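Take the sequence shown: its position 192, counted from the start at 1, is 192 in the UniProt record's numbering, and no numbers get skipped. Working notes, beginning with the structure itself.
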Amino acid sequence: MYDIVTTIETLPNELLITLFEYISGYDLYNAFLNLNSRFNSIITVVKNLHFTLEEDWDSQQRTIPFFASHISKLIIKHDEPVDFSFYPNIRSLKLCMPTGNQCNAIGPGLLPNLEHLCLSNLYFSDNSEQLCRLIFSTSLSRLQTCQIDRLTLNDDHRFSSFSLRQLTISPSAWKSNMYKQIFDACPNLTNLQIMRLQNISFELPSNLTCSHTSLRHLYIHFHSIGNEGCNHIDWLLSKLANLQSFTLIIDANETKMEFPFDLFANLLTKHVPYLTDFNAKIPINNTLFKPLHRLFNHIKVRKSQNQDSKMYLFISSEA
């Protein structure tokens, strides 16, 4: 009996197309283009390429135009201008160093298939005002998820995105009407994630009427929490009557007082009666704790791995 040696040339076209979608576009270009007519024809039908443009991407500029219309996921890690008209089939875009030029280059109609957008602009100057007007409108009609650190919406913004389902924000500043702006601009939003990684003041509206009936999943990550943070959670939960899943992560407690678990449990009962999934990580001083809510099923106390050795209470609705 002879051993059969399988080489890449013996694989069927359908399998090669699938395999090529997992290979870097640069490697695909350099290794297989012009190898023979069969591989050339296969490469031309690969549609879901992932590209990361580094700061030195200019040395690969021949590769980009060849595969531009084949790219579905694009990560840009430089701050140079980008012509997005080369990439009409992008479904996922991440700007790691977003500049005003890059943000403003995303115009209406340029990325008609965009479904996922991430702007890592927490530590960069705010250049997203024009782009925010597109995100929270019908211009990006297929956009489903968006992560943006610096959210910029003018008070007179009157447009809405009916496609957006998930929004993640890490605000470096907060205006009292920001929740109303988000709720009005995203009527079909089902998942909201708020990561306050800096000690910023959350201003709560005094006489502002707003609510959101579509939101089902809420994730909150606070760098620290004081009385203001508890009031913030109380106010927000009161606007989300149909919430089903809630995750609360708190890194530090600004006060010497224990987190008000009894009050918090009452807020969950009062404001979100349809809640079925709950997870929390909360700093504590006292290890004595008793279940105060029907979803406090699994409770653990753990010490931090840091030098401060803080203790945290982990709560989960999973039994």
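Beta carbons: idealized from backbone N, C-alpha and C, even for Gly. These numbers come from a predicted model, not from an experiment.
Helix, strand or coil at residue i [DSSP, three-state]
i: N104; result: helix
i: Y179; result: helix
i: F314; result: strand
i: T247; result: strand
i: D58; result: Residue placement at D58 is poorly supported in this model, since its pLDDT is 45, which falls under 50; the coordinates are not used for a value here.
i: F51; result: strand
i: R302; result: strand
i: L74; result: strand
i: C186; result: coil
i: L93; result: strand
i: F274; result: First, the residue type needs correcting, since residue 274 is Tyr and not Phe in the sequence shown. Three-state result, Y274: coil.
i: T10; result: helix
Cutoff 7 Å; reference residue i; Cβ partners in own chain excluding five residues on either side
i: C13; result: It is worth fixing the name first, because residue 13 is Asn in this sequence and not Cys. So the list reads I42, once near-sequence residues are dropped.
i: H293; result: A265, L268 and T269
i: L114; result: I90, R91, L93, L140, R142 and L143
i: K77; result: T52, L53, E54, E55, C96 and M97
i: S69; result: P88 and N89
Residue i, enclosing alpha helix (DSSP H) - first and last residue
i: residue 323; result: Any question about residue 323 goes unanswered here, given that the chain covers just 1 to 319.
i: T269; result: F261 to H271
i: R38; result: S37 to I43
i: L16; result: N13 to F20
i: F32; result: G25 to F32
Residue interval of the beta strand (DSSP E) (run including residue i)
i: Y219; result: H217 to F222
i: D277; result: D277 to I284
i: N191; result: N191 to R196
Nonlocal neighbours in the same chain, by C-beta distance under 8 Å from residue i, ignoring five residues either side
i: S309; result: K303
i: S59; result: Summary for S59: the model assigns pLDDT 46, below 50, so the residue's position carries little reliability, and this model does not support an answer.
i: residue 332; result: Since the displayed the chain opens at 1 and closes at 319, residue 332 lies outside it and no answer follows.
Residues of its chain near residue i, where Cβ-Cβ distance is below 6 Å and the 5 sequence neighbours each way are ignored
i: W57; result: Residue confidence is low: W57 scores 48 on pLDDT, short of 50, so the model does not pin down where it sits. Its coordinate-derived value is still stated next. Hits under 6 Å: none found.
i: S120; result: C96
i: F67; result: G25 and L49
i: T168; result: Q147 and Q193
i: Q102; result: V82 and L95
Any chain C beta carbon closer than 8 Å to residue i
i: T18; result: Among the chains of the structure shown, chain C does not appear; only one protein chain is present.
Residues that DSSP places opposite residue i in a beta bridge
i: L111; result: DSSP output for L111 lists no bridge partner at all.
i: T168; result: Q147 and Q193
i: N253; result: I225
i: L117; result: L93 and C146
Anticipated Cβ contact below 8 Å, residue i with residue j, distance rounded
i: N40; j: L33; result: 7 Å
i: K281; j: I249; result: 5 Å
i: F159; j: F136; result: 6 Å
i: K94; j: I75; result: 5 Å
i: Y274; j: L243; result: 7 Å
i: P88; j: P108; result: About 13 Å separates the two Cβ atoms, so there is no contact after all.
i: S128; j: I148; result: 7 Å
i: L215; j: L240; result: 5 Å
i: S238; j: D277; result: Rounded, the Cβ-Cβ distance is 19 Å, inconsistent with contact.
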